[in-house]
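Q: To start, I am sharing the structure in question, which I have written as structure tokens.
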Amino acid sequence: MIQLVRGFKDILPPETAVWRHVENTAREHFEKFGFREMRPPVLEQTALFQRSIGEHTDIVEKEMYTFAGSRDTMLTLRPEATASVVRAYIQHKLYAADPVCKFYTIGPMFRRERPQKGRYRQFHQINAEVFGIDSPYIDVQLIFMLMTYFSRLSVTGLSVHLNSLGCPECRPAYRQKLSEMLSDRTGDLCEDCVRRLEKNPLRVLDCKKEPCRNAVSDAPSMLDFLCGDCRSHFRAVQAALDAIDIPYEIDPRLVRGLDYYTRTAFEIQTEELGAQNAVAGGGRYDNLVEMLGGPSQPAIGFAIGADRLVELVETKIPAPEPGPVIFLAPMGEAAMELAAKWACLLSDAGVRTEADFSGRSLKALMRRADRLGAENVLIVGDREIEQNEAILRNMKTRDQKSLPMDRLVESVLEHEG
RNA sequence: GUGAGUGUAGCUCAGUCGGCAGAGCACCAGGUUGUGGCCCUGGGGGUCGUGGGUUCAAGUCCCAUCACUCACCCCA
Numbered sequence: 126m127i128q129l130v131r132g133f134k135d136i137l138p139p140e141t142a143v144w145r146h147v148e149n150t151a152r153e154h155f156e157k158f159g160f161r162e163m164r165p166p167v168l169e170q171t172a173l174f175q176r177s178i179g180e181h182t183d184i185v186e187k188e189m190y191t192f193a194g195s196r197d198t199m200l201t202l203r204p205e206a207t208a209s210v211v212r213a214y215i216q217h218k219l220y221a222a223d224p225v226c227k228f229y230t231i232g233p234m235f236r237r238e239r240p241q242k243g244r245y246r247q248f249h250q251i252n253a254e255v256f257g258i259d260s261p262y263i264d265v266q267l268i269f270m271l272m273t274y275f276s277r278l279s280v281t282g283l284s285v286h287l288n289s290l291g292c293p294e295c296r297p298a299y300r301q302k303l304s305e306m307l308s309d310r311t312g313d314l315c316e317d318c319v320r321r322l323e324k325n326p327l328r329v330l331d332c333k334k335e336p337c338r339n340a341v342s343d344a345p346s347m348l349d350f351l352c353g354d355c356r357s358h359f360r361a362v363q364a365a366l367d368a369i370d371i372p373y374e375i376d377p378r379l380v381r382g383l384d385y386y387t388r389t390a391f392e393i394q395t396e397e398l399g400a401q402n403a404v405a406g407g408g409r410y411d412n413l414v415e416m417l418g419g420p421s422q423p424a425i426g427f428a429i430g431a432d433r434l435v436e437l438v439e440t441k442i443p444a445p446e447p448g449p450v451i452f453l454a455p456m457g458e459a460a461m462e463l464a465a466k467w468a469c470l471l472s473d474a475g476v477r478t479e480a481d482f483s484g485r486s487l488k489a490l491m492r493r494a495d496r497l498g499a500e501n502v503l504i505v506g507d508r509e510i511e512q513n514e515a516i517l518r519n520m521k522t523r524d525q526k527s528l529p530m531d532r533l534v535e536s537v538l539e540h541e542g
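The end of the first sequence is residue 542 by the numbering used here, with every number in the run present.
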């Protein structure tokens with residue numbers, strides 16, 4: 126038997142109800158903040174991701190699903206959404222009418238990583254991106270929107286982790302300093318960190334291994350190297366978060382895995398998901414639009430891990446599965462023919478209807494109706510056909526009444542309307 | 001890519017020293033000739049992940065392999 130691909134999963138009912146709740150709540154909530162939905166394709170030219178995410182990130186180096194498209198273009202299933210949104214913003218010159226644009230997008234992403242709890246090869250993100258605003262207040266509005274979204278879903282136990290990654294003005298100096306310091310201690314670092322030292326020394330700060338943590342324990346903080354503009358931006362973000370009562374934790378070791386981030390970086394974490402504790406993450410990417418060939422426009426965005434969020438929501442809101450309002454229990458061929466027609470008309474008239482054509486005993490039909498949580502059962506057999514009246518039984522009160530068969534659909538609608 | 005754990009009925013899992021493949025739940029039928037839930041009785045359902053090996057005999061021991069899970073790593 127053919128099984129599904131490793132790291133992929135089927136989302137089945139009743140879980141799909143939770144997914145729809147999560148997605149619909151996001152749509153409703155984000156739109157009140159002025160965001161509009163964009164739906165870019167899941168497939169892009171590989172070059173888009175190489176240039177945006179960064180050539181020497183884990184994602185680009187080893188996690189992308191890439192294959193040959195036409196003769197000379199490589200195609201990649203998107204590992205994240207921001208690059209596509211930026212591409213669309215530039216390609217359709219969406220900045221022309223108004224450089225300030227806010228978009229959200231919901232859909233699957235693909236990364237070829239080893240699966241584990243909260244990590245799949247096809248996973249789903251809810252993204253929001255803002256273009257054209259460099260004010261720290263938009264950073265805060267975005268974080269506020271995110272946190273209030275989570276509370277709408279009754280998800281608790283989340284914490285905001287905040288950092289500033291500086292900008293092309295100030296980051297090189299810090300990077301240089303860190304690199305120099307760590308070069309003297311390569312002997313203390315793990316294999317991975319020695320490699321990181323060359324490509325992206327900031328990542329060494331993120332390593333969880335004991336020797337590496339010791340090696341960087343007295344490392345200077347990026348925050349001490351911020352240039353004047355970055356420093357005042359970061360301060361303003363903090364002040365505005367305080368003003369709006371969002372608690373946060375400054376985490377100088379928060380280094381995000383994509384190269385395009387600048388200044389504000391944040392992550393929303395939970396204790397409830399094991400090792401994969403990031404439910405959402407985001408930050409500024411003030412240079413990306415220009416890097417990809419667009420006008421110089423600041424931008425900021427975040428991504429929510431929908432699979433992880435659904436896991437958190439599921440424990441709070443058990444998905445209710447409503448049973449049919451009418452369950453048709455026909456006995457005999459003639460009754461089934463009538464029931465088939467009524468089932469169609471009732472469903473079409475807006476009544477949740479289920480019919481059983483198995484031809485089994487009434488007892489069996491009743492048992493199934495009960496199991497499905499049916500509110501009423503409509504019983505039709507030879508006896509009813511002879512008298513021209515079907516029996517409507519209320520499963521809760523056990524009341525039964527006869528309905529005229531020649532205007533049965535109307536009678537049921539009156540009865541249930 | 002690395003490590004550990006787990007694979008037995010639709011689901012959750014027992015299975016002792018190697019000796020006929022089990023339970024609970026679910027499903028089906030009957031107890032009630034046409035009326036659900038509770039109860040009682042019965043029934044169907046298994047390549048024991050797969051392939052090889054040891055043995056008179058393997059779910060059980062050995063080897064290989066695959067899958068899943070968790071962790072490392074990375075991140076949503």
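A virtual CB, placed ideally from N, CA and C, is assigned to each residue, including glycine.
Helix, strand or coil for Leu-168 per DSSP?
A: Translated into the one-based positions of the first sequence, residue 168 becomes position 43. Strand, per DSSP.
Q: I need the DSSP call for Lys-526, collapsed to helix, strand or coil.
A: Mapped onto the first sequence, residue 526 falls at position 401. If DSSP states are grouped into helix, strand and coil, Lys-526 belongs with the strands.
Q: Name the DSSP beta bridge partners of Met-234, please?
A: The residue you call residue 234 lines up with position 109 of the first sequence. Looking at the DSSP assignment, Met-234 forms a beta bridge with Phe-248.
Q: Between Val-185, Pro-233, Leu-417, Leu-322, which lies nearest to Lys-134 when the distance is taken from Cα to Cα?
A: The sequence position of residue 134 within the first sequence is 9, counting from 1. The option with the nearest alpha carbon to Lys-134 is Pro-233.
Q: Where does the unbroken beta strand (DSSP E) through Leu-200 begin, and where does it stop?
A: Within the first sequence, the letter at position 75 stands for residue 200. Start and end: 199-202.
Q: Which residues bound the beta strand (DSSP E) around Thr-150?
A: Translated into the one-based positions of the first sequence, residue 150 becomes position 25. Run containing Thr-150: none in the beta strand (DSSP E); it sits in the alpha helix (DSSP H), 140-157.
Q: Between which two residues does the alpha helix (DSSP H) containing Phe-275 stretch?
A: The sequence position of residue 275 within the first sequence is 150, counting from 1. Its alpha helix (DSSP H) spans residues 261-277.
Q: Who are Ala-428's beta bridge partners in DSSP?
A: Looking up residue 428 in the first sequence gives position 303. Looking at the DSSP assignment, Ala-428 forms a beta bridge with Asn-252, Gly-406.
Q: What span of residues does the beta strand (DSSP E) with Tyr-190 cover, start to end?
A: Taking the first residue of the first sequence as position 1, residue 190 is located at position 65. Here the beta strand (DSSP E) through Tyr-190 covers 190-193.
Q: Check each candidate in Val-438, Gly-408, Ser-421 and name the one with the smallest Cα separation from Phe-427.
A: The count along the first sequence starts at 1 and reaches residue 427 at position 302. Ranking Val-438, Gly-408, Ser-421 by Cα distance to Phe-427 puts Gly-408 first.
Q: Comparing C-alpha positions only, which one of Ser-486, Leu-463, Arg-493 sits nearest to Glu-514?
A: By one-based count along the first sequence, residue 514 stands at place 389. Answer by Cα proximity: Leu-463.
Q: I need the straight-line Cα distance from Gln-554 to Gln-175, nearest angstrom please.
A: For residue 554 there is no data in the structure shown, the boundaries of the chain being 126 and 542.
Q: What is the residue span of the alpha helix (DSSP H) that Thr-207 lies within?
A: Counted from its first residue, the first sequence places residue 207 at position 82. Note, Thr-207: alpha helix (DSSP H), 207-216.
Q: Are Pro-561 and Val-505 close, meaning C-beta to C-beta below 8 angstroms?
A: Absent from the structure is residue 561, since the part of the chain shown begins at 126 and ends at 542.
Q: Nearest CA to the CA of Gln-512: which residue from Ala-460, Ala-474, Ala-465, Arg-496?
A: On the first sequence, position 387 is the one that residue 512 refers to. With distances taken between Cα atoms, Gln-512 lies closest to Ala-460.
Q: In three-state terms, what does DSSP make of Phe-452?
A: Translated into positions along the first sequence, residue 452 becomes position 327. Three-state result, Phe-452: strand.
Q: Report the option in Val-341, Arg-296, Ala-494 whose CA atom is closest to the CA atom of Ser-308.
A: Taking the first sequence and counting its residues from 1, the one referred to as residue 308 is at position 183. The shortest Cα separation from Ser-308 among Val-341, Arg-296, Ala-494 belongs to Val-341.
Q: Taking the beta strand (DSSP E) that Ser-618 falls in, what are its first and last residues?
A: Any property of residue 618 remains undetermined from this structure, which presents the chain solely from 126 to 542.
Q: Specify the secondary structure class of Lys-227 as computed by DSSP and reduced to three states.
A: Walking along the first sequence from the start, residue 227 turns up at place 102. Correct three-state label for Lys-227: strand.
Q: Cutting at 8 angstroms between CB atoms, please list the residues of its own chain near Val-476, excluding the five before and the five after it.
A: Position 351 of the first sequence, counting from 1, holds the residue named residue 476. The answer, listed in chain order, is Val-450, Ile-451, Val-537, Leu-538, Glu-541.
Q: To the nearest angstrom, how far is it from the Cα of Leu-168 to the Cα of Tyr-386?
A: In the first sequence, residue 168 corresponds to position 43, counting from 1. In the first sequence, residue 386 corresponds to position 261, counting from 1. Roughly 23 angstroms separates the two Cα atoms.
Q: Suppose the cutoff is 8 angstroms on Cβ atoms and the five residues either side in sequence are ignored; what does the same chain contact list for Leu-200 look like?
A: Start at 1 with the first residue of the first sequence, and residue 200 comes out as number 75. Leu-168, Glu-169, Gln-170, Thr-171, Thr-191, Phe-192, Ala-193, Gly-194.
Q: Would you mind stating whether His-154 and Tyr-274 have Cβ atoms separated by less than 8 angstroms?
A: Indexing the first sequence from 1 puts residue 154 at position 29. Indexing the first sequence from 1 puts residue 274 at position 149. Yes, the pair counts as a contact, with Cβ atoms nearer than the cut-off.
Q: Buried or exposed: Ile-393, going by 16 or more other Cβ atoms within 10 Å of its Cβ?
A: Taking the first sequence and counting its residues from 1, the one referred to as residue 393 is at position 268. Its Cβ being crowded by 16 or more others within 10 Å, Ile-393 is buried.
Q: From Glu-374, Thr-150, Arg-300, pick the residue whose C-alpha is nearest to that of Tyr-229; which is it?
A: Here the question's residue 229 lines up with position 104 in the first sequence. The residue with the shortest Cα to Cα distance from Tyr-229 is Thr-150.
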